[in-house]
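Below is one structure; the comments refer to it alone.
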Amino acid sequence: MARALRRDATSAERRLWSGLRREQIGGFRFRRQVILAGFIADFACLEARLVIEVDGATHSTDDERARDAARSAAIEAQGFSVLRFTNDEVFRNLDGVLETIRLKLAELRPRIDG
């Protein structure tokens with residue numbers, strides 16, 4: 001399933017992946033479609049224990065928001081931090097999204113180095 005999702009990534013996921021892969025933010029390596037806590041996370045940096053999710057329009061319903069919250073809680077219970085961005089944010093402000101990720105990694109770095 002994860003392999004199929006990597007192959008069939010959404011256009012927003014492909015755009016963010018090009019930024020994550022190209023940037024190699026702070027020397028951290030991200031992976032796509034990683035299985036964590038029984039869920040498939042869009043992107044994960046295992047070293048920093050950071051998950052990044054890209055949410056499309058279907059995530060705007062109350063049911064989907066509740067599922068996303070439960071999913072984030074399960075992943076966080078495994079010791080990961082979760083950042084969520086909408087497709088729109090990725091398309092309209094990729095630099096801002098990458099900067100938010102950079103800042104989160106800087107925040108997590110003491111935990112990693114310590």
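Taking UniProt numbering, the leading residue of the sequence shown gets 1, the next gets one more, and so forth.
Just so it is clear, CB atoms sit at the ideal spot from N, CA and C, and this is done for glycine as well.
Task: Minimum C-alpha distance to F80 - residue among A66, C45, T61, R22 - done: On the sequence shown, residue 80 is found 80 positions in, with the first residue counted as 1. Considering only alpha carbons, the answer is C45.
Task: Rounded distance between the beta-carbons of I75 and V51, thought under 8 angstroms - done: Position 51 of the sequence shown, counting from 1, holds the residue named residue 51. Position 75 of the sequence shown, counting from 1, holds the residue named residue 75. Confirmed, about 5 angstroms.
Task: Reduced DSSP secondary structure (H/G/I, E/B, other) of E53 - done: If you number the sequence shown from 1, residue 53 lands on position 53. Note: E53 maps to strand in three-state DSSP.
TODO: Within the same chain, show all residues whose beta-carbon is closer than 7 angstroms to that of residue 148, passing over the 5 residues directly before and after it, in chain order.
DONE: Nothing can be reported for residue 148, as the shown portion of the chain is limited to 1 through 114.
Open item on the list: Can you tell me whether L105 is buried or exposed? The criterion is at least 16 other CB atoms within 10 Å of its CB, across all chains shown.
Closed with: The sequence position of residue 105 within the sequence shown is 105, counting from 1. When all chains shown are included, L105 counts as buried.
Open item on the list: Excluding the 5 residues flanking G19 on each side, which residues of the same chain have their C-beta closer than 6 angstroms to its C-beta?
Closed with: Within the sequence shown, residue 19 is the residue found at index 19, counting from 1. L94, L98, listed in sequence order.
Open item on the list: For R84, report the span of its beta strand (DSSP E) as first-last.
Closed with: In the sequence shown, counting from the first residue as 1, residue 84 sits at position 84. Taken as a continuous stretch (DSSP letters only), the beta strand (DSSP E) holding R84 covers 81-86.
Open item on the list: Please state the DSSP three-state secondary structure of R3.
Closed with: The sequence position of residue 3 within the sequence shown is 3, counting from 1. Note that R3 scores a pLDDT of 48, beneath 50, so its modelled location is shaky; the value from the coordinates is reported in the next line. Looking at R3 - three-state DSSP - the assignment turns out to be helix.
Open item on the list: Please report the straight-line C-alpha distance between V82 and T10, rounded to a whole angstrom.
Closed with: Position 82 of the sequence shown, counted from the start, is the residue given in the question as residue 82. Position 10 of the sequence shown, counted from the start, is the residue given in the question as residue 10. When rounded, the distance between both Cα atoms is 19 angstroms.
Task: Beta-bridge pairing of I35 - partner residues as DSSP gives them - done: As a first step, residue 35 is located in the sequence shown; it is residue number 35 there, counting from the start. Partner(s): I40.
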